[in-house]
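Novice: Next up is a structure, given as structure tokens.
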Amino acid sequence: MEISLDKVATSVLFVVMTTMSCMILNWVWLRPKYLERCLRKQGLVGNSYRLFFGDTKDSPMMIKQACSKPIELSDDIVPHVLPFKHHIVKHYGIPCVNIMSPEQIKDVFTKMGDFQKPKPNPLTRLLAMGLISYKGEKWAKHRKIINPAFHLEKLKNFSFETSSSYAHAPCSIIIVQPQFGAHIILHKI
1021 MEISLDKVAT SVLFVVMTTM SCMILNWVWL RPKYLERCLR KQGLVGNSYR
1071 LFFGDTKDSP MMIKQACSKP IELSDDIVPH VLPFKHHIVK HYGIPCVNIM
1121 SPEQIKDVFT KMGDFQKPKP NPLTRLLAMG LISYKGEKWA KHRKIINPAF
1171 HLEKLKNFSF ETSSSYAHAP CSIIIVQPQF GAHIILHKI
């Protein structure tokens, strides 16, 4: 029984094509659906996975819908300028981590290289660069300069008060968040 070269080539080609098809199916459909299922088990909600385009079809539709509505002077501009991002933030919130315990804050400040910082946009970089946004040696240098100012002995000489603009905040605990317009005012005792 002879096996012709054509049959061998066809068999090898069939095996290669089947393997490639399985890999592509895994990459395009099975793995994203598996990750979606795992995230939903953890309690994270979001839009379901859509093949190839995802949410990109929703964005132009939302922009067209936002442009069709007139805007008043008193209206919030974000839903008209960035409707898709506004929709995402409104439904799923802004991802953030709040660290409240002093031990965890100390860990974050001492292991600054272990935690990635988001890259600021150019306007933020121009207007608001500070210790939080620095990395590496620049961060270490500025931390050494600022660190003595926050020792307990120095802070005992100040009394803390919030400005009157904080009165409309929805919580009684003082958490400084920019959307409430809170400012901390230090008074030397």
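Heads up, the sequence shown is in my numbering, so the first residue is 1021 and it goes up one at a time. Using N, Cα and C, we set each Cβ at its ideal position, and we do this for glycine too.
#1: Which residue wins for smallest C-alpha separation from residue 1098, given the options 1106, 1092 and 1091?
#2: Around the C-beta of residue 1090, are 16 or more other C-beta atoms found within 10 angstroms, so that it is buried, or is it exposed?
#3: If you run the structure through DSSP and keep just helix, strand and coil, what is residue 1061?
#4: Please check the pair residue 1153 and residue 1140, which I expect to be a contact at CB under 8 Å, by giving their CB distance rounded to whole angstroms.
#5: From residue 1109 to residue 1029, what does the alpha carbon distance come to, in whole angstroms?
#6: Using 8 Å as the cut-off, can you tell me whether the region 1066 to 1081 makes contact with the region 1042 to 1057, which would need three or more C-beta pairs spanning the two stretches below that distance?
#7: Note the first and the last residue of the continuous alpha helix (DSSP H) segment covering residue 1031.
#8: Taking only three categories from DSSP, how would you classify residue 1067?
#9: Below 7 Å between beta carbons: does that hold for residue 1079 and residue 1104?
Specialist: Looking at the coordinates:
#1: 1106
#2: exposed
#3: helix
#4: 6 Å
#5: 54 Å
#6: yes
#7: 1025 to 1045
#8: coil
#9: yes
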